[in-house]
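>
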Amino acid sequence: MKDGPSSEVPCPEAIEFYNKYMGGVDHADQMVSLYDINRKFAKWWRKVYYKSLMMAVHNSFILFRETHQKNTTFIQYVVKQLLIAHGRKGVKRKRTRKVGRHSQPCTDLSNVGDHLSKTRQEEGAVASLEEKIEKRTKLLSRMCDFPLCVD
Numbered sequence: 019m020k021d022g023p024s025s026e027v028p029c030p031e032a033i034e035f036y037n038k039y040m041g042g043v044d045h046a047d048q049m050v051s052l053y054d055i056n057r058k059f060a061k062w063w064r065k066v067y068y069k070s071l072m073m074a075v076h077n078s079f080i081l082f083r084e085t086h087q088k089n090t091t092f093i094q095y096v097v098k099q100l101l102i103a104h105g106r107k108g109v110k111r112k113r114t115r116k117v118g119r120h121s122q123p124c125t126d127l128s129n130v131g132d133h134l135s136k137t138r139q140e141e142g143a144v145a146s147l148e149e150k151i152e153k154r155t156k157l158l159s160r161m162c163d164f165p166l167c168v169d
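19 is the number of the first residue of the sequence shown in my numbering; add one for each residue after it.
(1) DSSP three-state call for Leu157: helix, strand or coil?
(2) Can you confirm whether the region 44 to 51 touches the region 71 to 81 when touching is taken to mean that 3 or more C-beta pairs between the two stretches lie within less than 8 angstroms?
(3) Where does the unbroken alpha helix (DSSP H) through Val97 begin, and where does it stop?
(4) In whole angstroms, give me the CA-to-CA distance for Glu26 and Glu34.
(5) Just tell me which of Leu81, Asp54 and Thr85 has its CA closest to the CA of Ser70.
(6) Can you name the residues that DSSP bridges to Pro23?
(7) Using the Cα positions of Val96 and Lys88, report the straight-line distance between them to the nearest angstrom.
(8) Return the CA-CA distance between Phe59 and Gly22, expressed in angstroms with no decimal places.
(9) Using the DSSP secondary-structure output, state which residues sit across from Pro30 in a beta bridge.
(10) From Lys65, Ser51 and Phe82, pick the residue whose C-alpha is nearest to that of Arg57; which is it?
(11) Under the rule that 16 or more other beta-carbon atoms within 10 Å means buried, what is Thr85, buried or exposed?
Right, here's the structure in full:
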């Protein structure tokens, strides 16, 4: 700060007028800036659109505050009015859970008679040829490399 002499400068008329009448604009800008969308848009008109939308929401908030004395919050009121106006078209329906297969209980195949089991690393071998049902298994007999079926 300078230590020299100070002198009073008269306030310009435009600034006096602004301070007297335009306080509401500053307040509105301050309130809208709390919820401002700070994004870079490729299209210039989107920024203008969102700023106009936020100003309209702020103006409706002022009108809501003057007319409603209930305990309903402004956000609840806006959501209710939007649902009444547009229906429930955009509301997602509850997803149903898909039911999968239940896993079979594990049976111990470490010792099946004379055939001790071992696991095969490649694609499973066909186990039940006599039943003409193709089943793939990774369990093989250690003695004769014959596929073992869990069933």
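Glycine included, C-beta positions come from ideal geometry on N, C-alpha and C.
Walking through what the data contain:
(1) strand
(2) yes
(3) Phe92 to His104
(4) 15 angstroms
(5) Asp54
(6) The partner list for Pro23 (beta bridge, DSSP) is empty, contrary to what the question assumes.
(7) 14 angstroms
(8) 49 angstroms
(9) DSSP lists no partner for Pro30.
(10) Lys65
(11) exposed
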